[in-house]
Structure formats: C-alpha cells, structure tokens
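Notes to accompany the following structure.
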Ligand SMILES: Cc1cc2nc3c(=O)[nH]c(=O)nc-3n(C[C@H](O)[C@H](O)[C@H](O)COP(=O)(O)OP(=O)(O)OC[C@H]3O[C@@H](n4cnc5c(N)ncnc54)[C@H](O)[C@@H]3O)c2cc1C
C-alpha cells in the first residue's frame, strides 16, 4: 500500500503581508507574532511547490500549500536527476533523504540514432530516482517544516498576498504538432547508463532508478502515436535499437501518458506584483536534458524565499533568468535538431559532454 501524506486541517483566512502594486504592506505593531509572519500561498505540491514551501518556512513564513491531487503518485518523467540538484537539495535539508531512498548512479550516456550510437562518460555522475519517491521526499520535507497542506486547487488571480505559482506546465497545444509523454517501469537487468533513442517524431530515454527498476520514458508527436493507435508497446518496439534494449526487460506497470505538452519559456513574462512563478509554471524545458527537476527545485527555493522576504518578484525573476535563459535556449535548439532527424548527421561533430554542459542550469548563486 502506498504511503499517503497527512492532510492538515483547513486553517484561517490569509493574514500577514498584503501586496499592492509591487509593494508590501507590513502588519501593524501590536499584532501577535503569528500575525506578523508573512503568509505565503504555494499553488502546486510538485517539486517546485514543495521546495518553495521549505524555503519560505526556513526564512520565517507561514505557508499554505495547495495541491488537489493524491500524493505521492507516479508521474510521466524520465526520473533522471542531474548532479546539480544535490547541493540544492542539501540546502533544503533533503539530500540525505534522497540518498536514503537508494537512487541509482548514472555514469554514462548513450545516444542512439537509426544507424549510429554514441557513448560518453558523463562529466559528473547523475542519479535515477522515481518521481513517486522524489515527490514524496520533498512533500514530506515541506510538511515536516510546518507547511499546511490543503487538498484543493489554489486561489485564482488576481493575488493580493505573496503567492508562489508552481502548478506545473500548461496543457494546450495546436494539432498536429502536439507532443505527448509516456512512461512505464520495467524489471530486468540494470546498468549505469542513460540511453536516449531518437526516432523520427520522438525520442525515448531508458535508465535505472531505485530498487533495480528500469524507467522507460519518451515523448512523441500525435502523428507518430496515432499511427500505432497510442499503443506504447507497439511504438517502443517499432524502433529496432530501442526494441533490442528492451528485449530482456518486462513491463511492471501500465503505461502512463501526459500531454499535450507545451514547451514554454516564460522567463520574461509579466506575472503580477506578488506572484513568484516556479518550476514548469515558469519555464518547461525539454525533457531529454534531464534538468526539469533541478530547475523546479532551484526556482522553487528562490520563489519561496523571495515571496517571504522581497516586496516584488523582480529579483527572483532575474535570478531565474540568469540561471536558466542560456540552457533553455540551447535545449530548444537541440530539440528542433533532434526531432527533425538531423541529430544522426550532426552527432559526430559535437562531443556529448559539450551538449550535456550546454543544457545545464547555472545554479551556483
Ligand atoms: C516526458 C517527460 C520526461 C521528463 N523527464 C525528466 C527527467 O528525466 N529529469 C528531470 O529533471 N525532469 C524531467 N521532466 C520534467 C519534470 O517532470 C518537470 O520539470 C517537473 O515535474 C517540474 O516540477 P513542478 O513542480 O514545476 O511541476 P509538477 O511536477 O507538474 O507539479 C505541479 C503540481 O501542481 C498541481 N496543480 C496543478 N494545478 C493546480 C492548481 N490549480 N492548484 C493547486 N495545485 C495544482 C499538480 O497536481 C502537480 O502535483 C520530464 C517531463 C516530461 C513531460
């Protein structure tokens, strides 16, 4: 039976700092200590929302965390944790919990095209951990620090108190360029490589996560999926290099799917005076880079701290732009190249380690 997270009782209406046109109105003297605390609303209990909650609590806020869905749960995700996430989680006091969940260690990367394969050692080892475990660790961390969880959708705009928007990516995209994600866990032999298979109209990643489970997660256009009737087994076995990789494995769960996926870069969008966007709600990066969760934790932590301490989101948005603008641009460019079929021709020209570095977030500040 999957562990379920406790539900906190519904608490009183929002109190504390009110935002009016980018400025903060601080509480009057004489109010109780509790009333003086900044009340931060966090909309979404994924990695970005939980990181925001922990970060806001660590600088003295009261946090109300809105999440309508059951958590933890399996999510469509490659479950590849890029190494830059370790110090970010350490700062939130969670890295040891991640290590306790026994993530796999991923040391190599292989790119598979129709007629060519490239193998490289990763500049730094990455990790494989299921979203079920990863989201659980973050949410439990937020609740342990004192976040009040409400099983409900968050309030809608306009916001008058500091609010972290961490509701994930949006879902609309125009037909027929729509892309869908899919994922399932498999049992069988494991290794320490992340394998990416690129086929016309999509790609699929294979890597080990905890407990010797192999995660298979891909993304394909509506055109490609409709040709196989949205049967993911048929799709993954229609590309010979991927079929060979999966041959010794047995599927351990039903396929999950998500989409249509919208790649959005809202790093320069206007969000409103007291709105601190984070994670995919701020920028949904290309999944093959394996950096979405690192972005989510980084932007979430920045948003939570900013929503508590800063009168406006300007500094938070600048911090996110500095960290994410360049890798987001490179990732979008690589996606176009890969989905157009040019990846096979161009892959001998650029070292994988260079492509890997170009898509990493700059998260040192
Ligand atoms: C196919 C695919 C493969 C991927 N592979 C990887 C990978 O290997 N490595 C990696 O690092 N990243 C990967 N990603 C990206 C990664 O999944 C995301 O970047 C990450 O989940 C972002 O976290 P988040 O908290 O912003 O959003 P989410 O994880 O989507 O969480 C958002 C939460 O908000 C809740 N919510 C939605 N609306 C509301 C509302 N109105 N009120 C309250 N709550 C709401 C949702 O229920 C959800 O729990 C992949 C993505 C896809 C699609």
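In the working numbering, the protein residues as written are 21 to 385. Glycine is no exception: its CB is placed at the ideal position from the N, C-alpha and C atoms.
Burial state of residue 183 is buried, judged by a 10 Å Cβ sphere holding 16 or more other Cβ atoms. No Cβ-Cβ contact shorter than 8 Å links residue 199 with residue 150. DSSP places residue 382 outside both helix and strand once states are collapsed to three, so it counts as coil. Between residue 91 and residue 83, the gap from beta carbon to beta carbon reaches 8 Å or more. Distance from the Cα of residue 220 is smallest, within the candidate group 228, 212, 260, for 260. The beta-carbon distance between residue 117 and residue 157, rounded to whole angstroms, is 5 Å. This is short enough to meet the 8 Å contact definition. In this structure, the beta-carbon distance from residue 130 to residue 258 does not fall below 8 Å.
Runs of the beta strand (DSSP E) lying entirely within the region 118-168, each at least 3 residues long, are 124-132, 137-148 in chain order.
By the neighbour-count definition (other C-beta atoms within 10 Å, threshold 16), residue 356 is an exposed residue.
Cα atoms of residue 88 and residue 65: separation of roughly 9 Å, rounded to the nearest angstrom. According to the DSSP secondary-structure assignment, residue 170 is paired through a beta bridge with 86. As the crow flies, the alpha-carbon of residue 354 is around 20 Å from that of residue 342. Here the region 260-280 lies against the region 226-243, with 3 or more beta-carbon pairs under 8 Å apart. When only Cα atoms are considered, residue 307 and residue 254 end up about 22 Å apart.
Distance between residue 231 and residue 350, taken at the CA atoms: about 33 Å. In this structure, the straight-line span from the alpha carbon of residue 226 to that of residue 374 is close to 21 Å. The closest heavy atom of ligand 1 lies 7 Å or more from the beta carbon of residue 150.
The three-state reading of DSSP puts residue 274 in coil, since its state is none of H, G, I, E or B.
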